[in-house]
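**Student:** Protein sequence lines, in the order shown, are assigned to chains V and G. Residues 376 to 618 in this note's numbering are what the first sequence lists, from first letter to last. Residues 510 to 613 in this note's numbering are what the second sequence lists, from first letter to last. One structure follows; several queries about it will come next.
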Amino acid sequence: VPHTCDWRKKPGIISPIKNQENCQSCWAMAAAGNIEAQWGIKSHQSVELSVQELLDCGRCGDGCQGGFIWDAFITVLNNSGLASEKDYPYLGRAKPNRCLAKKYTKVAWIQDFIMLSDNEEIIARYLATQGPITVTINKALLQNYQRGVIKATSTTCDPQLVDHCVLLVGFGKSKAEKTVSSGSCHPSRSTPFWILKNSWGAHWGEKGYFRLHKGSNACGITKYPITARVDRPVKKQQVICPP
Amino acid sequence: NSPGAQGSGPQPLELKEVFKMFQIQFNRSYSNPTEHARRLDIFAHNLIRAQRLQEEDLGTAEFGVTPFSDLTEEEFDQLYGNWRAAGGDFSMERKVGSEDWGEL
Numbered sequence: 376v377p378h379t380c381d382w383r384k385k386p387g388i389i390s391p392i393k394n395q396e397n398c399q400s401c402w403a404m405a406a407a408g409n410i411e412a413q414w415g416i417k418s419h420q421s422v423e424l425s426v427q428e429l430l431d432c433g434r435c436g437d438g439c440q441g442g443f444i445w446d447a448f449i450t451v452l453n454n455s456g457l458a459s460e461k462d463y464p465y466l467g468r469a470k471p472n473r474c475l476a477k478k479y480t481k482v483a484w485i486q487d488f489i490m491l492s493d494n495e496e497i498i499a500r501y502l503a504t505q506g507p508i509t510v511t512i513n514k515a516l517l518q519n520y521q522r523g524v525i526k527a528t529s530t531t532c533d534p535q536l537v538d539h540c541v542l543l544v545g546f547g548k549s550k551a552e553k554t555v556s557s558g559s560c561h562p563s564r565s566t567p568f569w570i571l572k573n574s575w576g577a578h579w580g581e582k583g584y585f586r587l588h589k590g591s592n593a594c595g596i597t598k599y600p601i602t603a604r605v606d607r608p609v610k611k612q613q614v615i616c617p618p
Numbered sequence: 510n511s512p513g514a515q516g517s518g519p520q521p522l523e524l525k526e527v528f529k530m531f532q533i534q535f536n537r538s539y540s541n542p543t544e545h546a547r548r549l550d551i552f553a554h555n556l557i558r559a560q561r562l563q564e565e566d567l568g569t570a571e572f573g574v575t576p577f578s579d580l581t582e583e584e585f586d587q588l589y590g591n592w593r594a595a596g597g598d599f600s601m602e603r604k605v606g607s608e609d610w611g612e613l
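See below:
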């Protein structure tokens with residue numbers, strides 16, 4: 376596992392920051408961002424996918440009332456892919472009875488999806504070697520967040536009460552700063568952090584992103600680490616039943 | 510300092526100035542003076558909350574004015590929460606299999 380990883384630095388992988396507006400569509404935004412990134416990495420083609428299709432065509436009805444990441448992936452599997460954002464643009468409101476999935480060409484599709492282990496090192500390894508993944512967190516500290524690394528406790532941010540989906544795009548360590556105490560300098564430990572892409576517009580946080588402490592299950596980040604897989608299926612050796 | 514307090518001293522004026530800057534920065538306007546006063550109260554409450562979070566945080570995070578500073582916690586939850594995920598209308602038992610990355 377590398378010391379740092381930031382998929383934003385690789386062109387064509389992470390799409391621009393989006394804004395949910397008055398719609399609880401974080402789950403669809405995170406899922407679309409995950410497929411965009413995986414598709415970009417595996418096929419070397421940059422795509423921006425339709426969040427609106429996930430909102431309109433999900434099996435749970437009104438997608439603006441919240442949802443689950445796995446339902447977004449099930450929708451993509453059921454519809455054999457996802458249209459582009461350009462063809463099927465985001466409206467900020469769902470039209471559950473007007474699914475237009477069949478109307479537009481699919482520009483990306485997935486093989487399946489998996490949930491990773493709740494181990495932050497395993498999550499980091501997958502992120503670094505396979506690409507961005509979705510996570511579901513407690514958003515309690517984000518309303519007033521401006522910048523920096525959030526290091527929460529289970530009291531300030533309950534890791535069991537997860538209520539917001541975002542895309543994990545990297546990790547790193549903040550530079551160690553020397554602290555002066557009682558006349559002598561002590562190098563302080565650097566803080567490891569996760570880099571997360573939010574869907575509340577670019578005017579929020581660090582240009583739409585935020586950072587959470589890595590290694591303490593901050594705000595429940597390890598509860599549901601889920602990702603789609605767009606790898607080509609491994610060609611297995613054919614077996615023939617003897618006549 | 511109670512939110513929106515009308516006591517003497519510079520603080521209420523400073524708060525109003527900060528709120529005015531917030532309105533300009535995030536293009537906020539309110540339908541009537543009552544609503545404006547209510548949002549100012551909420552804004553002040555959020556600044557106090559941000560200060561408390563700043564004190565409690567163990568990392569390098571900074572908390573303060575954001576695009577959501579004129580919303581109550583409940584409004585923020587309703588607008589930006591994911592109630593299906595938080596509401597407990599599902600239960601999912603985690604099982605980690607023998608695969609390297611987890612399980613299907």
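The beta carbon of each residue, even a glycine, is placed where N, CA and C say it ideally should be. If you're wondering where the values come from, they're calculated on a predicted model, not measured in any experiment.
Curious, which full-length beta strand (DSSP E) runs of at least 3 residues does the stretch 455-542 of chain V contain?
**Tutor:** 487-491, 508-512, 520-522
**Student:** Can you give the Cα-Cα distance for D381 (chain V) and N409 (chain V), rounded to whole angstroms?
**Tutor:** As a position in the first sequence, residue 381 (chain V) is number 6, starting the count at 1. As a position in the first sequence, residue 409 (chain V) is number 34, starting the count at 1. Just so you know, the alpha carbons of D381 (chain V) and N409 (chain V) end up roughly 14 Å apart.
**Student:** Would you call Q535 (chain V) buried or exposed, if buried means 16 or more other Cβ atoms sit within 10 Å of its Cβ?
**Tutor:** In the first sequence, residue 535 (chain V) corresponds to position 160, counting from 1. By the neighbour-count rule (16 or more Cβ atoms within 10 Å), Q535 (chain V) is not buried but exposed.
**Student:** Using a Cβ cut-off of 7 Å (strictly closer), state whether G513 (chain G) contacts chain V.
**Tutor:** Stepping through the second sequence from its first residue, residue 513 (chain G) is reached at position 4. Note that G513 (chain G) scores a pLDDT of 47, beneath 50, so its modelled location is shaky; the value from the coordinates is reported in the next line. With 7 Å as the cut-off, G513 (chain G) does not count as an interface residue toward chain V.
**Student:** Note down, in chain order, each residue of its chain lying with its Cβ closer than 7 Å to the Cβ of I512 (chain V), except the 5 sequence neighbours on either side.
**Tutor:** The count along the first sequence starts at 1 and reaches residue 512 (chain V) at position 137. These residues qualify, in order along the chain: V537, H539, V541, C594, G595, I596.
**Student:** Could you give the DSSP three-state label for E423 (chain V): helix, strand or coil?
**Tutor:** Counting from 1 along the first sequence, the entry for residue 423 (chain V) is found at position 48. E423 (chain V) falls in the coil class under three-state DSSP.
**Student:** At 7 Å on the CB atoms, spell out the chain V contacts of T575 (chain G), in chain order.
**Tutor:** Residue mapping note: residue 575 (chain G) aligns to position 66 of the second sequence, counting from 1. Under the 7 Å cutoff, chain V gives Q518, N519, Y520, Q521, W579.
**Student:** So W414 (chain V) contacts chain G; which residues on that side make the cut at Cβ distance below 9 Å?
**Tutor:** To locate residue 414 (chain V), count along the first sequence from 1; it is residue 39. Taking the beta carbon of W414 (chain V) as reference, no residue of chain G falls within 9 Å; the closest one sits roughly 18 Å away.
**Student:** Scan the stretch 383-435 of chain V and note each continuous beta strand (DSSP E) run of 3 residues or more that stays entirely inside, going in chain order.
**Tutor:** none
**Student:** To which residues of the same chain is Q550 (chain V) closer than 8 Å at the C-beta, ignoring the five residues directly before and after it?
**Tutor:** Taking the first residue of the first sequence as 1, we reach residue 550 (chain V) at position 175. With the sequence shown as reference, residue 550 (chain V) is identified as Lys, and Gln is not the correct amino acid for it. Contacts found: S565.
**Student:** Apart from the five residues on each side of it in sequence, which residues of its chain come closer than 7 Å, Cβ to Cβ, to S390 (chain V)?
**Tutor:** Numbered from 1 along the first sequence, position 15 holds the residue referred to as residue 390 (chain V). So the list reads G408, E411, E423, once near-sequence residues are dropped.
**Student:** Between which two residues does the alpha helix (DSSP H) containing Y589 (chain G) stretch?
**Tutor:** Counting from 1 along the second sequence, the entry for residue 589 (chain G) is found at position 80. First-last of the alpha helix (DSSP H) with Y589 (chain G): 582-589.
**Student:** Could you check which residue in V:G523, V:L457, V:Q427, V:A447 has the C-alpha nearest to that of D571 (chain V)?
**Tutor:** Within the first sequence, residue 571 (chain V) is the residue found at index 196, counting from 1. Looking at the sequence shown, residue 571 (chain V) is not Asp but Leu. Nearest of V:G523, V:L457, V:Q427, V:A447 to L571 (chain V), Cα basis: V:G523.
**Student:** For a test of the three-state rule: what should DSSP assign to R537 (chain G), helix, strand or coil?
**Tutor:** Taking the first residue of the second sequence as 1, we reach residue 537 (chain G) at position 28. Of the three classes helix, strand and coil, the one that applies to R537 (chain G) here is coil, per DSSP.
**Student:** Kindly indicate which three-state DSSP category R548 (chain V) falls into: helix, strand or coil?
**Tutor:** Counting from 1 along the first sequence, the entry for residue 548 (chain V) is found at position 173. Note that residue 548 (chain V) is Lys in the sequence shown here, rather than Arg. The answer is strand: DSSP assigns K548 (chain V) an E or B state.
**Student:** Along the beta strand (DSSP E) that carries F443 (chain V), what are the first and last residues, could you check?
**Tutor:** Here residue 443 (chain V) refers to the residue found at position 68 when the first sequence is read from its first residue. Secondary structure note for F443 (chain V): it is in no beta strand (DSSP E), with a DSSP letter that is neither H nor E.
**Student:** Which word fits S421 (chain V), buried or exposed, when buried means at least 16 other C-beta atoms lie within 10 angstroms of its C-beta?
**Tutor:** For this step, residue 421 (chain V) is matched to residue 46 along the first sequence. The residue is exposed, with fewer than 16 neighbouring Cβ atoms inside 10 Å.
**Student:** Apart from the five residues on each side of it in sequence, which residues of its chain come closer than 7 Å, Cβ to Cβ, to R500 (chain V)?
**Tutor:** Residue mapping note: residue 500 (chain V) aligns to position 125 of the first sequence, counting from 1. The answer, listed in chain order, is V376.
**Student:** In chain order, what residues of the same chain lie with their CB nearer than 7 Å to the CB of Y584 (chain V), ignoring the 5 residues before and after it?
**Tutor:** By 1-based counting over the first sequence, the position of residue 584 (chain V) is 209. Taking C-beta separations shorter than 7 Å and ignoring five residues to either side along the sequence, the partners of Y584 (chain V) in its chain run I570, L571, K572, N573, following chain order.
**Student:** Distance check for P464 (chain V) and P617 (chain V), CA to CA, integer angstroms please.
**Tutor:** To locate residue 617 (chain V), count along the first sequence from 1; it is residue 242. To locate residue 464 (chain V), count along the first sequence from 1; it is residue 89. Roughly 53 Å between the two C-alpha positions.
**Student:** With which residues is H554 (chain G) paired in a DSSP beta bridge?
**Tutor:** Within the second sequence, residue 554 (chain G) is the residue found at index 45, counting from 1. According to DSSP, H554 (chain G) bridges with nothing at all.
**Student:** Since K572 (chain V) sits in a beta bridge, which residues does DSSP pair it with?
**Tutor:** Against the first sequence, residue 572 (chain V) aligns to sequence position 197. Bridge partners of K572 (chain V): V:L542, V:Y584.
**Student:** Under a CB-based cut-off of 7 Å, is K572 (chain V) close to chain A?
**Tutor:** The chain inventory of the structure shown lacks chain A, comprising the protein chains V and G.
**Student:** With a threshold of 16 other CB atoms inside 10 Å of the CB of E460 (chain V), please say whether the residue is buried or exposed.
**Tutor:** Working through the first sequence from its first residue, we reach residue 460 (chain V) at position 85. So E460 (chain V) ends up on the buried side.
**Student:** Please state the DSSP three-state secondary structure of T543 (chain G).
**Tutor:** As a first step, residue 543 (chain G) is located in the second sequence; it is residue number 34 there, counting from the start. Note: T543 (chain G) maps to helix in three-state DSSP.
**Student:** I'd like the list of long-range same chain contacts for L562 (chain G), defined as Cβ closer than 7 Å, with 5 residues on each side in sequence excluded.
**Tutor:** Residue numbering aside, residue 562 (chain G) sits at position 53 when the second sequence is read from its first letter. Here the set comprises F572.
**Student:** For A577 (chain V), report the span of its beta strand (DSSP E) as first-last.
**Tutor:** As a position in the first sequence, residue 577 (chain V) is number 202, starting the count at 1. Neither: A577 (chain V) is in no beta strand (DSSP E) and is coded neither H nor E.
**Student:** Under 9 Å between beta-carbons, which chain V residues line up against E583 (chain G)? List them in chain order, please.
**Tutor:** Here residue 583 (chain G) corresponds to residue number 74 of the second sequence, with the count starting at 1. By Cβ distance, chain V contributes nothing, its closest Cβ being about 11 Å from E583 (chain G), past 9 Å.
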